[in-house]
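Undergrad: Please see the structure below; I have some questions.
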DNA sequence: GTGACGATAATCT
DNA sequence: GATTATCGTCACA
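Numbering (my numbering), first residue to last: 25 to 240.
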């Protein structure tokens with residue numbers, strides 16, 4: 025296994041959530057699917073979530089669900105939301121300090137057919153042609169494409185079910201942009217969303233300022 | 001291209 | 001009982 029594919033060590037995650045989030049861009053996310061087949065791609069969009077002082081974070085309050093965010097780094101935190109979607113986070117910071125990074129989008133690199141199949145009709149255009157930018161361009165989309173559900177909550181991010189690898193990262197600052205977090209209750213949109221603006225696989229097009237319709 | 005809306009269940013209060 | 005770190009579809013431009 026080359027360096028670019030080998031799982032990142034737990035020490036990668038045992039840093040501040042913000043630093044890990046930034047460093048995650050350009051890394052690769054991999055998933056072992058039945059077959060066995062490996063599917064995954066390059067991380068192009070993430071968001072940092074903190075602890076007690078971050079009202080948008082599940083760790084704002086310490087509950088059974090958020091307990092994992094207070095635990096040791098290098099594990100997956102998967103939660104279920106809106107009655108139908110799972111979202112994947114990586115737990116950061118040393119044990120005792122809460123923090124996690126939400127993986128919001130990846131560029132498919134491998135196992136593209138398998139991922140598209142799991143995404144169903146949304147992965148194809150009217151002519152039946154593959155839409156690469158619609159497969160993993162959102163936190164709920166990528167978990168569907170990679171068959172990530174609550175069974176993976178707490179999984180070790182060194183594999184074998186799911187892992188992150190060095191990939192091409194870390195990316196130079198010129199390739200990275202920081203924006204407010206999206207999908208958050210107004211007032212908590214910290215500038216903690218890290219993206220690769222050149223990517224065609226982001227959850228929102230660059231410059232899209234669509235406000236959330238949630239009430240105050 | 002944009003914006004509104006409903007689906008649907010785990011988790012929390 | 002209320003909320004939700006979302007998505008696909010629909011109407012309209």
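Just so it is clear, CB atoms sit at the ideal spot from N, CA and C, and this is done for glycine as well.
Because the structure is a prediction, the values reported are computed rather than measured.
Decide if residue 76 is buried, meaning its Cβ has at least 16 other Cβ atoms within 10 Å, or exposed.
TA: The residue in question, residue 76, is exposed, as its Cβ has fewer than 16 Cβ neighbours within 10 Å.
Undergrad: Mind checking whether residue 217 and residue 42 have CB atoms under 9 Å apart?
TA: Not in contact: residue 217 and residue 42 (Cβ atoms no closer than 9 Å).
Undergrad: Count the other C-beta atoms from every protein chain shown that fall within 10 angstroms of the C-beta of residue 141, then say buried if there are 16 or more, exposed otherwise.
TA: Its Cβ having fewer than 16 others within 10 Å, residue 141 is exposed.
Undergrad: On the DSSP bridge list, what partners appear for residue 117?
TA: Its beta-bridge partners do not exist; DSSP assigns none.
Undergrad: Kindly indicate which three-state DSSP category residue 237 falls into: helix, strand or coil?
TA: In this predicted model, residue 237 has a pLDDT of only 40, less than 50, meaning its place in the structure is not dependable enough to derive any value.
Undergrad: Using a threshold of 9 Å, state whether the C-beta atoms of residue 110 and residue 67 are closer than that.
TA: No; because the gap between Cβ atoms is not below 9 Å, this pair is not in contact.
Undergrad: Could you check the C-alpha separation between residue 95 and residue 197 for me, to the nearest Å?
TA: If I take the Cα positions, the gap works out to 30 Å.
Undergrad: Within 8 Å, do at least three Cβ pairs link the region 35-49 to the region 116-133?
TA: In short, these stretches touch, since the Cβ pair count reaches three.
Undergrad: What's the gap between the Cα of residue 122 and the Cα of residue 229?
TA: Their backbone Cα atoms lie some 30 Å apart in a straight line.
Undergrad: Considering only residues of the same chain and omitting the five flanking positions on each side of residue 205, which have a CB-CB separation below 7 Å?
TA: Cβ within range, chain order: 71, 80, 213, 214, 216 and 217.
Undergrad: For a quick check, are the C-beta atoms of residue 127 and residue 166 less than 9 Å apart?
TA: Result yes, Cβ atoms of residue 127 and residue 166 sit closer than 9 Å.
Undergrad: By the 10 Å Cβ neighbour count, where 16 or more other Cβ atoms means buried, how is residue 113 classified, buried or exposed?
TA: With 16 or more Cβ atoms within 10 Å of its Cβ, residue 113 is classed as buried.
Undergrad: Is it true that the CB of residue 147 sits closer than 9 Å to the CB of residue 159?
TA: Yes, these two residues count as a Cβ contact at 9 Å.
Undergrad: Output the distance between the C-alpha atoms of residue 135 and residue 194, rounded to the nearest integer angstrom.
TA: Taking the straight line from one Cα to the other gives about 23 Å.
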